[in-house]
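Per the numbering used here, numbering of the sequence shown is gapless, rising by one per residue and ending at 954.
I have placed the structure first, in the form of structure tokens, so that the comments after it can refer back to it.
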Amino acid sequence: MIDEFITIHKKHKDMKYDIFISYRRTGGKDKARSLKLELERRGYHVFLDFDDLKDSVFDKRIIGAIDEAPIFIIILSKNSLDNCKDDNDWVRKEIEYAISKDKHIIPVNPDKEFKDFPDDVPDNIKQHIGQHQFSTIDFEQLFQESMNKMVRDRIEPEFAHKSSKKWIYIILFLAVLAASVFGYTYMVNNKILREDIAEYIRIVREADSLYAIMKFEESVGLYEEARKYEDKYISTKYANDFNEQVQNKIDEAEIKIEEEKKKAEEEKLAKERQAMEEMIKENEKITQKSEAAKAKKATIINGHECVDLGLSVRWAKYNIGVITYKLTEADDYYGDYFCWGAITNDDTYNNGTKSIVNTEYDAAKANWGNGWMMPTKEQMIELVNNCTWKWVNDYNGIHNLNGYIVRSRKKGYTDKYIFLPASGYREKDSLNREGDYGFYWSSTPNTSKTDYAYSLDFFSSIYYVIDYARAKAVSIRPVCK
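In structure tokens form, the structure reads like this:
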């Protein structure tokens, strides 16, 4: 799904981030963004700098982010290391700083673009990157499979050793305990003086710190009981009994832990069943209401057809600018391209900080009339989360008309769908990435970056809502109530 709505469970509790991603913006920006979204979907906290930093001094935010992440991923897109001959190159600075901090480096070879190091790349970078296993990521059909392999082989092992620490303490405690019993038995058999035994008991008492580390309350209680009967340590039989009692307490503790785990699992399942039953009842109520409302809604507004997917708004069947009686070529489905806040092909973008829905800057209302509007960021998220997305090539038998069939998952609406073509984007007078990528404006601005607004972006293996430069001219798919 999309990055804003995945709950992040940070793997490394001592640092702010789990992973830092370094990349060359030319050729690597889209791949870096896709990699960040997928890693966050899997529960990792990732730092990726989207801003084009203009300071001449290496940015303190970058240094701080590398310090706060145990894993450093470098995306080796085509020509990504060509400028590393320059001492002031930022990619070079990021790599050298990560090497100096002994970070766990994972080189990523996207779509097998990286072939070899350029001759003028510094030797220390060649040596440190070259000694690591490269992770090849297929950003097209095998994206998920290649991500699974990288996470399993390169990322998870970095965190896995943390969980074994408590078992070291338990083993250490048992080893000291066994040594204590053996020592007392040996002293009894060899008739060592009582004064020496008392000194040995004092040494054993110093092992209390192990109990504190383990927080093993049952064993601590047994140890305190043993203090009251120090004379009985002289007896080999008591030493054996003591060892047996400790083992019994350990067995009881293990049984108790298993019982608690089983009880917690049963309670969890009961809550899930109850929540599922309540959700089914609620869905039935919603379905009944939506069925009644669906029959009252018109399917054509101001001459433009809409599709009811059972969501909060209905979605237009075509993009703004599509001539419905002429649909024989791929670009017939693309329609017009708009900068954010523009209402014609020729307008420049709007840099306001408020939503433009139903205002004079709403291209859907301006071109299709009252009742139509641009979708909000939240309505796009609703479309992503409540529909199935199937990538198709040559839609309706039309060459290079590629894109997603977006079909409703709502009960009573599963036969309803819309087609979103991968119409690319227009920059100046040039049309780019048509047939491969789709970009659709929402009416919601990014209030913290006035040159960006939110859009629905996708290619053949992923789809998400994210901010995008307002100056780019992209498609608009209107909605209506």
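Glycine is no exception: its CB is placed at the ideal position from the N, C-alpha and C atoms.
Since the structure is predicted, the reported quantities are computational estimates derived from the model, not experimental observations.
Practice problem: State the DSSP-derived secondary structure class of P630, mapped to helix, strand or coil. | Solution: In the three-state scheme derived from DSSP, where H, G and I count as helix and E and B as strand, P630 is classed as helix.
Quiz item: Can you name the residues that DSSP bridges to Y927?
Solution: D940.
Exercise. Report yes or no: do the stretch 824–834 and the stretch 913–923 share at least 3 C-beta pairs separated by less than 8 Å?
Key: With contact defined as three or more Cβ pairs closer than 8 Å, the stretch 824–834 and the stretch 913–923 are in contact.
Quiz item: Straight-line CA distance for W864 to N875?
Solution: Between W864 and N875, the C-alpha separation is close to 7 Å.
Quiz item: Counting along the chain, where does the beta strand (DSSP E) carrying V857 start and finish?
Solution: Segment K850 to N858 is the alpha helix (DSSP H) holding V857; no beta strand (DSSP E) there.
Practice problem: Pull up the distance between the alpha-carbon of A571 and that of I854, whole angstroms please. | Solution: Cα to Cα, the separation comes out at about 36 Å.
Self-check item: Spatial distance of F932 from F912 (CA atoms)
Solution: Taking the straight line joining both Cα atoms gives about 9 Å.
Practice problem: Reducing DSSP to helix, strand and coil, say where K558 ends up. | Solution: Of the three classes helix, strand and coil, the one that applies to K558 here is helix, per DSSP.
Quiz item: Going by alpha carbons, who is nearest to D491 out of D560, Q604, F632 and Q718?
Solution: When only C-alpha atoms are compared, the closest one is F632.
Quiz item: By Cβ distance, which residues of its chain are closer than 7 Å to R899, with the 5 residues on each side in sequence left out?
Solution: Excluding its 5 nearest sequence neighbours in each direction, R899 has C-beta neighbours in its own chain below 7 Å: Y810 and A946, listed in chain order.
Quiz item: With a Cβ-Cβ cutoff of 8 Å, do S934 and E613 count as a contact?
Solution: Contact: yes.
Quiz item: Where do the ends of the beta strand (DSSP E) carrying I878 lie?
Solution: G876 to S881 is the span of the beta strand (DSSP E), which, as asked, contains I878.
Quiz item: Given N840, which residues of its chain have a CB within under 6 Å of its CB, disregarding the five upstream and five downstream residues?
Solution: Within the same chain, Cβ atoms closer than 6 Å to the Cβ of N840 are found at I793, the five residues on either side in sequence being excluded.
Quiz prompt | CA-to-CA distance, F520 to K729, given in whole angstroms | solution = Rounded to whole angstroms, K729 and F520 show a C-alpha spacing of 42 Å.
Quiz prompt | Secondary structure of N721, DSSP reduced to three states | solution = Here DSSP, grouped into helix, strand and coil, assigns N721 to helix.
Self-check item: Pairwise C-alpha distance: I949 and A789
Solution: For A789 and I949, the distance between alpha carbons rounds to 10 Å.
Practice problem: Mind the definition here: the stretch 589–600 touches the stretch 487–506 only if three or more C-beta pairs lie below 8 Å; say whether that holds. | Solution: Not touching, per the Cβ criterion.
Exercise. Count the other CB atoms, across all protein chains shown, that sit within 10 Å of the CB of K566; report buried if there are 16 or more and exposed otherwise.
Key: The residue in question, K566, is buried, as its Cβ has 16 or more Cβ neighbours within 10 Å.
Quiz item: Taking DSSP as the reference, what is the three-state secondary structure of G842?
Solution: Coil, per DSSP.
Quiz item: Quick one: Cα of T821 to Cα of Y834, how far?
Solution: Those two C-alpha atoms are separated by around 11 Å.
Quiz item: Three or more beta-carbon pairs under 8 Å between the stretch 614–629 and the stretch 568–582, yes or no?
Solution: The stretch 614–629 is in contact with the stretch 568–582.
Quiz item: What residue ranges within the stretch 810–843 form continuous alpha helix (DSSP H) runs of no fewer than 4 residues, ordered along the chain?
Solution: For secondary structure counted as the alpha helix (DSSP H) over 4 or more consecutive residues, the stretch 810–843 holds these complete runs in sequence order: 836–841.
Quiz prompt | Endpoints, alpha helix (DSSP H) assigned at H601 | solution = For H601, the uninterrupted alpha helix (DSSP H) segment begins and ends at D596 to G603.
Quiz item: So what does H777 bridge to, in DSSP terms?
Solution: According to DSSP, H777 bridges with I774.
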